[in-house]
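Line order of the protein sequences matches chains X and C.
Take the first sequence: its position 468, counting from 1, is numbered 468 in this note's numbering, and each next residue is one higher.
Take the second sequence: its position 216, counting from 1, is numbered 216 in this note's numbering, and each next residue is one higher.
Taking it in order: structure first as structure tokens, then the write-up.
Number of protein chains: 2
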Amino acid sequence: MRIHRIILPEDSDSPLYLKLADALRRSILLKEVTPGERLPSIRRLSDTLNVNPATVAAAYRILEREGWVTARAGSGVYVMDRPVDAGGNLDPAVEALGASTLMDLERGRIPPQGINMAAGTPSPRLFPVTEFRSLMDEVLERDGGWAFGYQESTGWAPFREALREYAESALGIRVSIDDIQVISGAQQGIDLSAKALLRSGDPVIVERPTYRGALSVFWSRGSDTVSVELTPQGMDLGVLERRVQAQVPRLVYIISRYQNPTTYSWSAEALEKLLYLAEKYNFYILEDDLLSDLYYGKAPEPSCLKAMDRQGRVIYIRSFSKVLMPGLRLGMLLVPPPLRGAYEAAKRSTDIATDGFIQRAVELYLRRSYHIPRLQFLRAHYGALYRSIIQEIDTRLVPLGLHYLPPEGGLHLWLSLPDHLTGSQVHSAALAAGLALIPEAVYGNAEISSGEKRADSHIRLSIAALEKDEGPRAIEILEDVIRTRRV
Amino acid sequence: MRIHRIILPEDSDSPLYLKLADALRRSILLKEVTPGERLPSIRRLSDTLNVNPATVAAAYRILEREGWVTARAGSGVYVMDRPVDAGGNLDPAVEALGASTLMDLERGRIPPQGINMAAGTPSPRLFPVTEFRSLMDEVLERDGGWAFGYQESTGWAPFREALREYAESALGIRVSIDDIQVISGAQQGIDLSAKALLRSGDPVIVERPTYRGALSVFWSRGSDTVSVELTPQGMDLGVLERRVQAQVPRLVYIISRYQNPTTYSWSAEALEKLLYLAEKYNFYILEDDLLSDLYYGKAPEPSCLKAMDRQGRVIYIRSFSKVLMPGLRLGMLLVPPPLRGAYEAAKRSTDIATDGFIQRAVELYLRRSYHIPRLQFLRAHYGALYRSIIQEIDTRLVPLGLHYLPPEGGLHLWLSLPDHLTGSQVHSAALAAGLALIPEAVYGNAEISSGEKRADSHIRLSIAALEKDEGPRAIEILEDVIRTRRV
């Protein structure tokens, strides 16, 4: 690297390390340094530029966080062959926790050659970029600047029509387009639900454990969250009914298929019973459907709770983050008619409307039937990964006392640890050996003031960002960790 | 119209009316039918195509809703000379009100040959689509699927750096990139502020009148809003201090430049005094900057309150909707250091992160210095419109007893009506004559339980969506309305 090219501007008063990071970023962008090239050592660069070594180290850290370079232990800092964004594979659950250790886990602290089984989002390598690009071009050809105007708060009408068809054909849900509210990602669906339905103090019942990002929303709204243990067939409905009798909730929040983190799916009977309770006691169910169509054997039957909903008890959130691309920030909300007005008002005051350009591109995507082949591709890709990883687990980990239920779909596995191990212990040891995963402790307690210790007897392994050949090595690392800990 | 050109594809299973709407839309885009041309009657088209008349009617309705055609009573359906998107020109203030009459006003009820001085957003005709398209292409070439991964909740670091430079060079605001939170449009900036700062019952002081979409957010959060009259130099600060002494607010919300709807700009002295009060009584100021850089004479000095903020009292929202493209849903929030954590958590639980692809494209847009020439173009374009319209007003309306303060910037004019007229009367009569505008009554009262009558002595005229030659006709209509009403 030609260090003489690095010029640190004196005109701005931004910190020196940021100026240096800028200069280095520019060098990478201008191809003055090439992918794979080693950057100067911290000492050498600090000597040459006459700056503090800590400044160089900080600049390198930023570039690493942004994905421009990678640090290899004992060897140096190397330019990456493309910018892997720092946030590229963040898991909302981990993100929403905001704990710095977990941020570290997802970012810098994953060892350079490490395996990422923490991330819950498919690798950008699998995104249908080429197709999507041509659809975006087509939208711009057709609509010009009109693609970038404000949209209706409920969503662009032709996109909602495409979503209606998709809900009917792919999920067996029959709705009118007036029931469809376009949202900027599934997280917004939870936020809008809180705004439309919850006042401070309103009780909400959730599964235990559950997605942390949902709890944050309910808490921020001043709700009292109460949890009911999730069994492999759904919530313990006896407990649920007693809770409801004690205090009728405004909302029950569930992830009915391949739940995050447990991977459990509700049985048809449990869903039927839940609907019955909702009608009997007059509450709504917020169903968060992350990836019900990512199954590896039979399609789940019913596809989701919403498909069974005849009385308008279910508000349904459909994310496109997992099966299309998370950065699009796009999703669909199905809203029972009496609640439409409240949701539209909530949407309007939240962000007026969702990006209309992206709605137009995804409308074409659905209408041109790109989606079904993509789902087939994802099922094949992840199905193969899933089968190979459970085979490794059965061979190597089950004999050591770990157990799990094969979810037959979704992107996660939920392993129950032997009694003498906690998720956090396994997480630390695995991370040191080059494998990132999520310990149960991350999910915490739903009851804000709960004095109970956080449960920590499981780990979540995700195959979302796993490369084809990494599975055996990952399970080998886990085997080592568990064998060592056992001694 | 050559109906034989209409071919309804048989391969897709989308409803027939949508296929027909698609085919007709294509004909309009390909100029097979020309603006002003009459489409075949429902009966004739249904006969020719051998489809149900209801199918044709439904297709026409969709095209009308999308703005491609307009139906004239008793005459037929005509092709419009441009696609006025259904949502394309909605004013967030009107949107946020949600009153169906006002929706009508912005949409279908604007007479076919009408003039739209209600819309607060620039016409899509003015959007820099060509430049933006090539920047999007460049992002996709460079980053591929990584452009569509999750971003960091605070925003993509290089974009935040570009925003930092922009804030410093264009607005005279010096911040570090850690102070910058990327948001999905200015409305989200208000929503995040409410989440980060307000608990149920917290008092918020606002200008009277003010942007309705802000009130909705504060109300949804359970805040008590109190208003202080806005004078042409800013809030009445004597009244403000007494209100603050009675109850210290958590937040004071202001639009310091070319306020919506009054067009008033705070004087430097008033801003200085407001900052002083914020420090003395310990509250935060939420400054909503819609378009401080759209000035037609001298640049405002200071550019905004944030540029004067030395104690970290000001949370600053910067929209790109007006000066770039509203559909991008992108903005910047400047957050004082002690509040960063609360804002980041609020962002995460609201929508995890803003679309990273759009952030990348706008990063290039700023970095390649597209923005300054665009602002110059907009200043020239709107400056000319502004000068011609105030000349018309001075000549035709001022003699009739209307008065106003020339704002010398922004997209609106705020006309004070003679005593015998209300804004709503003028609005109805103007609409009937083909001119859409916004009456003061729309802005309502900030105090939820206020028994006071809504003020209605002004009208807001916007030049945002006005075509160059429409100004004189618009003011002529107003002149007629006022002369007639006087009798």
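Glycine included, each C-beta is placed from N, C-alpha and C at the ideal position.
Any chain X beta carbon closer than 8 Å to residue i
i: glycine 471 of chain C; result: no
i: arginine 125 of chain C; result: yes
i: lysine 195 of chain C; result: yes
i: alanine 446 of chain C; result: no
i: threonine 484 of chain C; result: no
i: valine 481 of chain C; result: no
i: aspartate 419 of chain C; result: no
i: threonine 350 of chain C; result: yes
i: threonine 210 of chain C; result: no
i: glycine 185 of chain C; result: yes
i: glycine 114 of chain C; result: no
i: glutamine 188 of chain C; result: yes
i: glutamate 476 of chain C; result: no
i: aspartate 191 of chain C; result: yes
i: glutamate 64 of chain C; result: no
Residue i in three-state terms, based on DSSP
i: alanine 432 of chain X; result: helix
i: glutamine 359 of chain C; result: helix
i: arginine 43 of chain C; result: helix
i: leucine 18 of chain C; result: helix
i: arginine 368 of chain C; result: coil
i: serine 176 of chain X; result: coil
i: tryptophan 499 of chain C; result: It is not possible to answer for residue 499 of chain C, since the shown part of chain C is limited to 1 through 487.
i: valine 84 of chain C; result: Here valine 84 of chain C scores only 33 on pLDDT, less than 50, and its place in the model should not be relied on; the value that follows carries that caveat. Correct three-state label for valine 84 of chain C: coil.
i: glutamate 479 of chain X; result: helix
i: glycine 471 of chain X; result: helix
i: serine 416 of chain X; result: strand
i: arginine 242 of chain C; result: helix
i: isoleucine 6 of chain X; result: coil
i: leucine 97 of chain C; result: Low local confidence applies: a pLDDT of 34 at leucine 97 of chain C is under 50, so the model's placement there is unreliable, and no value is given.
i: glutamine 391 of chain X; result: helix
i: arginine 38 of chain X; result: strand
i: glutamate 558 of chain X; result: Nothing in the structure corresponds to residue 558 of chain X, since chain X is present only between 1 and 487.
Supposed close pair residue i, residue j - CB separation, criterion 8 Å
i: glycine 327 of chain C; j: tyrosine 150 of chain X; result: 6 Å
i: threonine 130 of chain X; j: alanine 465 of chain X; result: Actually they are not in contact, since the Cβ atoms of threonine 130 of chain X and alanine 465 of chain X sit about 21 Å apart, beyond 8 Å.
i: isoleucine 315 of chain C; j: serine 193 of chain C; result: 6 Å
i: threonine 34 of chain X; j: valine 79 of chain X; result: 7 Å
i: phenylalanine 357 of chain X; j: valine 139 of chain X; result: 7 Å
Chain C contact for residue i (CB, 8 Å cutoff)
i: leucine 18 of chain X; result: yes
i: methionine 80 of chain X; result: no
i: isoleucine 438 of chain X; result: no
i: phenylalanine 357 of chain X; result: yes
i: threonine 34 of chain X; result: no
i: valine 56 of chain X; result: no
i: leucine 378 of chain X; result: no
i: leucine 251 of chain X; result: no
i: arginine 109 of chain X; result: The predicted model places arginine 109 of chain X with a pLDDT of 40, which falls under 50 and marks its position as unreliable; any figure quoted below should be read in that light. It does not; no Cβ of chain C falls within 8 Å.
i: valine 129 of chain X; result: yes
i: glycine 172 of chain X; result: no
CB of residue i within 8 Å of CB of residue j, strictly
i: arginine 485 of chain C; j: isoleucine 115 of chain C; result: no
i: serine 457 of chain C; j: glycine 423 of chain C; result: yes
i: valine 226 of chain C; j: proline 203 of chain C; result: yes
i: glutamine 187 of chain X; j: threonine 354 of chain C; result: no
i: tryptophan 266 of chain C; j: glycine 238 of chain C; result: no
i: valine 426 of chain X; j: proline 418 of chain X; result: no
i: isoleucine 190 of chain X; j: lysine 306 of chain X; result: no
i: alanine 21 of chain C; j: isoleucine 62 of chain C; result: yes
i: glycine 331 of chain X; j: phenylalanine 320 of chain X; result: yes
i: tyrosine 17 of chain X; j: alanine 58 of chain X; result: yes
Proximity test, Cβ basis, 8 Å: residue i and chain A
i: alanine 433 of chain C; result: Annotation note: the requested chain A is absent from the structure, which comprises protein chains X and C.
Discussion item. At a CB distance below 8 Å, what residues from the segment 217-228 of chain C approach chain X? Give them in sequence order.
Written reply: Val217, Ser220 and Gly222
Worksheet entry | Within 8 Å of chain C by C-beta, residues of the segment 141-154 of chain X in sequence order | Arg142, Asp143, Gly144, Gly145, Trp146, Ala147, Phe148, Gly149, Tyr150, Gln151, Glu152 and Ser153
Worksheet entry | Chain-ordered residues of the segment 313-325 of chain C with a beta carbon less than 7 Å from chain X | Met325
Fill in: Near-chain C residues of the segment 285-309 of chain X (beta-carbon distance less than 9 Å), N- to C-terminal order
none
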